[in-house]
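J.: The structure under discussion is supplied below as structure tokens; questions concerning it will follow.
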Amino acid sequence: MTSLDTPALLSWFDRVGRPLPWRGDGVGAWEILLCEVMSQQTPVARVEPVWRAWLDRWPGPAELAAAAPADVIRMWGKLGYPRRALRLRECALAVVDLHDGRVPHDVDQLLALPGVGDYTARAVACFAYGRRVPVVDTNVRRVVARAVRGVAEAGPPSTRRDLAAVEALLPDDRERAVAFSVAVMELGALVCTARAPRCDDCPLAPTCAWLAAGRPEWDGPRRKVQTFAGTDRQVRGLLLDVLRDGDGTAARSALDAVWPDATQRDRALDSLLGDGLVVRVGEHYSLPA
DNA sequence: AAATCGTGGCG
DNA sequence: TCGCCAAGATT
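Residues in the first sequence are numbered from 1 upward in steps of one, following the UniProt record's numbering.
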């Protein structure tokens, strides 16, 4: 099996695809880039309100480029991985300075933007500009692994291999290629999910290699689960929480209160300073002005 | 190449 | 309950 049943897939999407706000007509490339970055490792449901709030406050790259990092970090709220917020602002600066304020069409130019990697560059080229390029995210990798290769999980990612695999499945027609990518991602998000795939509701069930093989369990390496409790990431989150919630400034004592282990606390604070998410002002700490 | 980087919800 | 997972990027 070297292809997916594209007609079945597209018809399924027409029926049950979610009307996400950035999928409508007239949504510009900047808005799409913004939602793609916000969606990195983040459930779509959490993204929508923040996406709207950002666009309301900063309609385009020029406005965001002029924003204070502190405001950007606050508006990011609790989406997680707050470095993305800073990179988004740097991305806006790059779009303004290098591309005359317009999001580039070219994948390589998109890849050069801060916070934009292989997935996001191709997602913008495809969804915003209708380019026929493979778009590979975790959903796409999982759907292809199951429906085409007949295995339960995608295994460790390899950009080159993954892109080639999806390129081979991509319809020749540009518009169908775009619809294909949207639909595969949606299928992975709604039906062909990681934990409890709903094969009964899957448009690809009649042709799915994994289902045909009796849904064999994955025998490859287990995806390593990132622990969170007790890690520096948790401490960073707690520290930043203090600065986000107040006026953006906190005394050392206020930061010290969030975590008992001084060594780890200092390490987390140092890393936040290194990332530019926090700055020291005299005896206090604050979000970067 | 493998580790790191938040947060919250669901099964 | 708690491990698992979510439209990845960067170093």
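Every residue, glycine too, gets a C-beta built ideally from N, C-alpha and C.
These numbers come from a predicted model, not from an experiment.
1. May I have the straight-line CA-CA distance separating residue 240 from residue 209, to the nearest angstrom?
2. Is DSSP giving residue 133 helix, strand or coil here?
3. Measure the alpha-carbon distance for residue 271 versus residue 232 and round it to whole angstroms.
4. Report buried or exposed for residue 218, applying the criterion of at least 16 other Cβ atoms within 10 angstroms of its Cβ.
5. Note down, one range per segment and in chain order, each alpha helix (DSSP H) of at least 4 residues found wholly within the UniProt domain "HhH-GPD" (38 to 190).
6. Quick test of your reading: residue 103 and residue 121, contact by CB under 8 Å. State the CB separation rounded to the nearest angstrom.
7. From 181, 113 and 212, pick the residue whose C-alpha is nearest to that of residue 290; which is it?
8. So which of 235, 278 and 172 has the shortest CA-CA distance to residue 257?
9. Please name the residue or residues paired with residue 235 in a DSSP beta bridge.
10. Quick one: Cα of residue 221 to Cα of residue 251, how far?
11. Give the straight-line distance between the Cα atoms of residue 142 and residue 118, rounded to the nearest whole angstrom.
12. Residue 16: which of 136, 69 and 191 sits nearest, CA to CA?
13. Spatial neighbours of residue 255 within its chain, please: C-beta separation below 7 Å, excluding the five flanking residues on both sides.
14. To which residues does DSSP link residue 286 through a beta bridge?
15. Relative to the C-alpha of residue 88, which candidate in 38, 165, 7 and 204 has its C-alpha closest?
16. Beta carbon of residue 25, beta carbon of residue 207: below 8 Å?
17. Cβ of residue 273 within 8 Å of Cβ of residue 281?
18. So residue 14 is in the alpha helix (DSSP H); what residue range does that whole segment cover?
19. Does DSSP put residue 22 in a helix, a strand or coil?
T.: A quick look at the data gives this:
1. 46 Å
2. coil
3. 9 Å
4. exposed
5. 44 to 57, 61 to 65, 69 to 76, 83 to 99, 107 to 111, 118 to 123, 138 to 144, 159 to 169 and 174 to 190
6. Not a contact, Cβ separation roughly 11 Å.
7. No statement about residue 290 is possible, as the shown extent of the chain runs from 1 to 289 and does not include it.
8. 235
9. Beta-bridge pairing links residue 235 to no other residue.
10. 46 Å
11. 17 Å
12. 191
13. 239, 242, 269 and 285
14. 249 and 279
15. 38
16. no
17. no
18. 6 to 16
19. helix
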